[in-house]
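Line by line, the protein sequences are chains E and D. Each residue of the first sequence is one higher than the last, beginning at 1 in UniProt numbering. Each residue of the second sequence is one higher than the last, beginning at 1 in UniProt numbering. Backbone N, C-alpha and C define an ideal beta-carbon position, used for all residues, glycine too.
Number of protein chains: 2
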Amino acid sequence: MAKQKKDLSTEEKIKEAARKVFTSKGFAAARTRDIADEAGMNLALLNYYFRSKEKLFEMVMIENLLHFIGGIQTLLYDTTTTIDEKIDRLTNYYIDQIIEHPDLPLFILNALKSNHKFLKEKLNRNIMLKSHFMQQLQAELKKNNKKIKPLHFVINTFSMIIFPFVAKPLLMEVALSKDAEFIELMNERRKLIPIWITTILRS
Amino acid sequence: MAKQKKDLSTEEKIKEAARKVFTSKGFAAARTRDIADEAGMNLALLNYYFRSKEKLFEMVMIENLLHFIGGIQTLLYDTTTTIDEKIDRLTNYYIDQIIEHPDLPLFILNALKSNHKFLKEKLNRNIMLKSHFMQQLQAELKKNNKKIKPLHFVINTFSMIIFPFVAKPLLMEVALSKDAEFIELMNERRKLIPIWITTILRS
DNA sequence: ATATTTTTTAATCATTTGATTAAATTTTGC
DNA sequence: GCAAAATTTAATCAAATGATTAAAAAATAT
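Dropping the structure here:
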């Protein structure tokens, strides 16, 4: 049985090609032939290794999603960091990640919207609500006598980090001209977002 | 020449059906037959009134985009309102709009990303940069001795308004359970977002 | 070495899908 | 009313696309 080395070559090549094509074009616009070409191999191989376009997408989707939420878990459950440190690390971590994988956020938002069943199982509602970060938020709000749901601040943080990336094509049309300007803007936000979040949390 | 009444019935029905199908499924996933069915008419009619799927999409896209940015123009160029009033109106206006057309933001973000040529022409970079709102932001930042680009605050405002909507499927999985909860959350944000924005602008 | 299993390819299917055509029906101008 | 123009329909096309098949090639075990 030649079962060991394929994991490292052909199957892996297909997965990489599929990730690239699906993530940049989405499920419907992606052609299985695009993926085969991208992987530099025969179309039939895709159906040999994965059973169908759907299965292939499912695999890419799950890996993308786990990659995306995987980063949060470690950060938000760290009981040794202050709330300010968590916001700071979260901001820098995600700006790093999305600069490296710029298509990921829109891909995930689209996939979640189109409701591919298997996704729901991968998402655990406790991951957010039961996190140490959420407890710290709650405590901080109580201390400051604020009657605002802590969830708002989680939303605000992710909004300010992620939205500029998904709205990048719009920003490039109405306000920026070069790619470097956008990166510069996001690098400014690394420092600004933590300040803004902690300010509205306490003021 | 029977050219007048079609504007009010058949063509309009096709446009409405196309808007509905394209906006909810995107270009690639939408079938021209879906649109014909949705409009309750023969497929050939679509190609009689519009020349192709692309042309039909182009039309929907332009109307969606103009509708979306149309609202800004009036608000941001109003020289009779203060900066605080503008933020307040902008927030309420867009939360109203997106509650009414929940698929619009993701549709527009996707369309802009996939770079349908004709879109660029519709976007005027002055609309944002030369607006009265931008001037007021600039003045306010100068008054407070802040060296931050005013664009950051425009991004923050739109981020906090729009992002929760596009991330709604995720929110529903990890933090909320009923649709009403989401609406409640967004209604809370109507008051909160203006406070947050003005706070970080001045603190 | 050779038989067996695994991997890869080329050719082809069946379906879907955007588009067209030619004829039927309806509307309009006179 | 009727001829011309506009609208609508049914039938069909051609290309694209996801998937399969059968055979070839390569790898592996004994």
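Check                                                                                                                                           : Outcome
Close-in-space but distant-in-sequence residues of the same chain around Asp103 of chain D (CB under 7 Å, 5 per side omitted)                   : Thr23 and Ser24
Own chain partners of Ile98 of chain E with C-beta closer than 8 Å, once the 5 adjacent residues on each side are dropped                       : Leu104, Pro105, Ile161, Ile162 and Phe165
4-residue-minimum alpha helix (DSSP H) runs that sit fully inside the UniProt domain "HTH tetR-type" (8-68) of chain D, ordered along the chain : 10-29, 32-39 and 43-49
Simplified DSSP assignment, three categories, for Leu123 of chain D                                                                             : coil
Same chain, Cβ closer than 6 Å to Arg19 of chain E, neighbours up to 5 away in sequence not counted                                             : Val60
Near-chain E residues of the region 162-179 of chain D - C-beta to any C-beta below 7 Å                                                         : Ile162, Phe163, Pro164, Val166, Ala167, Pro169, Leu170, Glu173, Val174 and Ala175
Ranges of the beta strand (DSSP E) found wholly within the region 178-203 of chain D, counting only runs of at least 3                          : none
Residue range of the alpha helix (DSSP H) that includes Glu92 of chain D                                                                        : Checking the sequence shown, residue 92 of chain D turns out to be Asn, not Glu. Start and end: Ile83 to Glu100.
Under 7 Å by beta carbon: chain E residues contacting Phe118 of chain D                                                                         : Going along chain E, no residue has its Cβ under 7 Å from Phe118 of chain D, so there is no contact; the nearest lies around 13 Å.
Where Lys117 of chain D falls: helix, strand or coil (DSSP)                                                                                     : coil
From D:Ile87, D:Leu56, D:Asn42 and D:Thr79, residue whose alpha carbon lies closest to that of Ala30 of chain D                                 : D:Leu56
Cβ-Cβ separation, Ile148 of chain E to Leu192 of chain D (assumed contact under 8 Å), whole Å                                                   : 7 Å
Opening and closing residue of the alpha helix (DSSP H) in which Pro150 of chain E lies                                                         : Premise fails: Pro150 of chain E is in no alpha helix (DSSP H) and is neither H nor E.
Three-state secondary structure assigned by DSSP to Lys6 of chain E                                                                             : The predicted position of Lys6 of chain E is uncertain, since its pLDDT is 38 and thus under 50; a value taken from the coordinates is nonetheless stated next. Note: Lys6 of chain E maps to helix in three-state DSSP.
Chain E contacts from the region 10-32 of chain D (Cβ-Cβ distance under 8 Å)                                                                    : Lys25, Gly26, Phe27, Ala28 and Ala29
Min CB distance Asn187 of chain D to chain E below 8 Å                                                                                          : no
Length of the line joining the Cα atoms of Ala139 of chain E and Ile195 of chain E                                                              : 19 Å
Sufficient close CB pairs (3 or more, under 8 Å) joining the region 73-92 of chain E to the region 125-143 of chain E                           : yes
Backbone secondary structure at Ala167 of chain D - three-state DSSP                                                                            : coil
Separation of Glu12 of chain D from Gly70 of chain D, as counted between CA atoms                                                               : 21 Å
Closer than 8 Å to chain D by CB, Thr199 of chain E                                                                                             : yes
Contact belief for Leu45 of chain D with Ile108 of chain D at Cβ below 8 Å, rounded distance in angstroms                                       : 27 Å between Cβ atoms; not a contact.
Residues of its chain near Leu112 of chain E, where Cβ-Cβ distance is below 6 Å and the 5 sequence neighbours each way are ignored              : none
Sequence-distant residues of its chain with Cβ nearer than 6 Å to Ile95 of chain E (five each side left out)                                    : Met186 and Arg190
Rounded C-alpha distance that separates Phe68 of chain D from Met41 of chain E                                                                  : 43 Å
For Asn156 of chain E, the three-state DSSP class (helix, strand or coil)                                                                       : helix
Terminal residues of the alpha helix (DSSP H) in which Lys143 of chain D lies                                                                   : His132 to Lys143
Beta carbon of His101 of chain E nearer than 8 Å to that of Glu58 of chain E                                                                    : no
Rounded straight-line distance, which links the Cα of Leu151 of chain D to that of Lys136 of chain D                                            : Reading off the sequence, residue 136 of chain D comes out as Gln, not Lys. So the two alpha carbons sit approximately 12 Å from each other.
Coarse secondary structure for Ala175 of chain D, derived from DSSP in three states                                                             : coil
Nearest neighbour of Thr198 of chain D, chosen from D:Asn124, D:Thr91, D:Glu181 and D:Ala175 [CA to CA]                                         : D:Thr91
Burial state of Ser177 of chain E, where buried means 16 or more other Cβ atoms lie within 10 Å                                                 : exposed
Beta-carbon neighbours of Leu192 of chain D, restricted to chain E and to distances below 8 Å                                                   : Ile148 and His152
Alpha carbon of Leu201 of chain D to alpha carbon of Ala175 of chain D, nearest angstrom                                                        : 29 Å
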